[in-house]
Amino acid sequence: MTLIRAIQTGDWAAALSWIMALAVGITVHEFAHAKFADLAGDPTPRSRGRVTLNPLAHYDPIGSTMILLFGMGWGKPVPTNPMLYRHPRRDEVRVSLGGIGANIVVAFLFGMTLRLGIVPEAYEILAGHIVLLNLLLAFFNILPLYPLDGSHALVSLLPREAARKVSEFYERYALGPLVAFVLALNFIPALGLVIWLPVGVLMWLFAGQGLTF
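Numbering (our numbering), first residue to last: 2 to 214.
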């Protein structure tokens with residue numbers, strides 16, 4: 002049951018479960034970005050109060066709500082200055098992929114509680130929602146579409162000349178490709194498989210469950 006359906010049917014317990022799962026997913030994702038940047042030598046996230054597990058510090062009104070409504074979105078971007086990293090290219094990859102990795106780790110841990118049957122029955126739905134939303138955050142953000150994490154990691158992994166050209170492409174078209182992708186999902190649902198297929202596979206591997214709505 003999605004958040005919208007939960008609200009429409011008056012299932013406030015399910016709605017609260019989705020919101021709590023979203024808070025967990027966004028918080029660990031953005032905290033990981035901030036922590037990796039902090040460890041790399043950039044004081045910016047700490048000075049902005051982002052090296053914290055307080056969900057309110059990482060909530061983005063638009064991106065966070067999109068996750069609940071459409072299954073894709075983002076948290077409040079963590080301000081960083083890659084020029085302050087000790088090893089700019091290498092650390093940029095770590096910072097960019099840190100949030101994705103954190104989401105997958107959380108999904109694995111909560112998934113194991115379901116697979117092993119050690120989560121109390123009253124919290125099984127919440128645990129399932131946490132697994133699902135963390136996987137959605139991970140595989141949406143890994144897309145190489147600006148300004149998602151995958152775009153920053155891609156630029157840092159490519160040879161310098163190729164990275165320069167890709168950066169120019171991102172600067173020229175900005176949010177265009179991302180907006181086009183999201184809009185295209187309405188007309189070509191199969192595009193969603195690039196996210197839903199790996200999410201479904203890991204949902205089954207981690208939690209022993211199919212996709213939970």
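All C-beta atoms in this analysis are idealised placements derived from N, C-alpha and C, irrespective of residue type, glycine included.
Since we're looking at a predicted model, the values are computed, not measured.
Q) Does the region 87-107 touch the region 22-41, meaning 3 or more C-beta pairs lie closer than 8 Å? A) yes
Q: From the DSSP output, in three-state form, read off Trp19 for me.
A: As a position in the sequence shown, residue 19 is number 18, starting the count at 1. Here Trp19 sits in helix by DSSP.
Q. Roughly how many angstroms lie between the CA atoms of Leu70 and Pro178, to the nearest whole one?
A. As a working note, residue 70 is residue 69 in the sequence shown. As a working note, residue 178 is residue 177 in the sequence shown. Rounded to the nearest angstrom, the two C-alpha atoms are 21 Å apart.
Q. So, do the region 114-126 and the region 168-176 have three or more beta carbon pairs nearer to each other than 8 Å?
A. no
Q) Which residues bound the alpha helix (DSSP H) around Met67? A) Locating residue 67 in the sequence shown gives position 66, where the first residue counts as 1. From DSSP, the alpha helix (DSSP H) with Met67 extends over Pro62 to Phe71.
Q: Quick one: residues in its chain with C-beta nearer than 6 Å to the C-beta of Ala38, no 5 flanking neighbours on either side, listed in chain order?
A: Taking the sequence shown and counting its residues from 1, the one referred to as residue 38 is at position 37. The residues are Pro46, Thr81 and Val96.
Q. Hey, Val79 and Ala35: beta-carbon distance below 8 Å or not?
A. Along the sequence shown, one-based indexing puts residue 79 at 78. Along the sequence shown, one-based indexing puts residue 35 at 34. Yes, the Cβ-Cβ distance between Val79 and Ala35 is below 8 Å.
Q) Roughly how many angstroms separate the alpha carbons of Tyr86 and His153, rounded to a whole number? A) Residue numbering aside, residue 86 sits at position 85 when the sequence shown is read from its first letter. Residue numbering aside, residue 153 sits at position 152 when the sequence shown is read from its first letter. Rounded to whole angstroms, Tyr86 to His153 spans 14 Å at the Cα level.
Q: Over the uninterrupted alpha helix (DSSP H) stretch that includes Ala154, give me the two end residues.
A: As a first step, residue 154 must be located in the sequence shown, where it is residue number 153. Note, Ala154: alpha helix (DSSP H), Asp150 to Leu158.
Q. Nearest-angstrom Cα distance between Val156 and Ala14?
A. Along the sequence shown, read from residue 1 onward, the residue named residue 156 stands at position 155. Along the sequence shown, read from residue 1 onward, the residue named residue 14 stands at position 13. Straight-line Cα distance between these residues: approximately 42 Å.
(Q) Measuring only the C-alpha atoms, how far is Gly11 from Ala163? (A) Position 10 of the sequence shown, counted from the start, is the residue given in the question as residue 11. Position 162 of the sequence shown, counted from the start, is the residue given in the question as residue 163. Spanning the two alpha carbons is a distance of roughly 52 Å.
Q) Roughly how many whole angstroms lie between the Cα atoms of Pro148 and Asn142? A) Translated into positions along the sequence shown, residue 148 becomes position 147. Translated into positions along the sequence shown, residue 142 becomes position 141. Roughly 9 Å between the two C-alpha positions.
(Q) Distance check for Val202 and Leu117, CA to CA, integer angstroms please. (A) The sequence position of residue 117 within the sequence shown is 116, counting from 1. The sequence position of residue 202 within the sequence shown is 201, counting from 1. Computed Cα separation, rounded: 18 Å.
Q. Is Ala132 buried or exposed, if buried means 16 or more other CB atoms sit within 10 Å of its CB?
A. As a first step, residue 132 must be located in the sequence shown, where it is residue number 131. In the sequence as displayed, the identity of residue 132 is Val instead of Ala. When all chains shown are included, Val132 counts as buried.
Q: Rank Thr66, Leu57, Pro89 and Leu137 by C-alpha distance to the C-alpha of Val200 and give the top, closest one.
A: Numbered from 1 along the sequence shown, position 199 holds the residue referred to as residue 200. The shortest Cα separation from Val200 among Thr66, Leu57, Pro89 and Leu137 belongs to Leu137.
Q) Quick one: is His59 buried, meaning 16 or more other Cβ sit within 10 Å of its Cβ, or exposed? A) Here residue 59 refers to the residue found at position 58 when the sequence shown is read from its first residue. Buried: at least 16 other Cβ atoms inside 10 Å.
Q | Proximity of Gly211 and Leu115 at Cβ, strictly below 8 Å | A | Residue mapping note: residue 211 aligns to position 210 of the sequence shown, counting from 1. Residue mapping note: residue 115 aligns to position 114 of the sequence shown, counting from 1. Cβ atoms of Gly211 and Leu115: not closer than 8 Å.
(Q) Let me make sure I understand the geometry here. Which of Ile189, Arg51, Ala191 and His130 has the alpha-carbon closest to that of Ala7? (A) Counted from its first residue, the sequence shown places residue 7 at position 6. Cα-wise, what sits closest to Ala7 is His130.
Q) Going straight from the alpha carbon of Leu192 to that of Leu186, what length do you get? A) Residue 192 sits at position 191 when you count from the first residue of the sequence shown. Residue 186 sits at position 185 when you count from the first residue of the sequence shown. If you take the alpha carbons of Leu192 and Leu186, they lie about 6 Å apart.
Q | Gly25 and Val120 closer than 8 Å at C-beta | A | Working through the sequence shown from its first residue, we reach residue 25 at position 24. Working through the sequence shown from its first residue, we reach residue 120 at position 119. Checking the displayed sequence, the identity of residue 25 turns out to be Val instead of Gly. Contact: no.
Q | N- and C-terminal bounds of the alpha helix (DSSP H) containing Gly102 | A | Locating residue 102 in the sequence shown gives position 101, where the first residue counts as 1. Where Gly102 is concerned, the enclosing alpha helix (DSSP H) stretches over Pro89 to Arg116.
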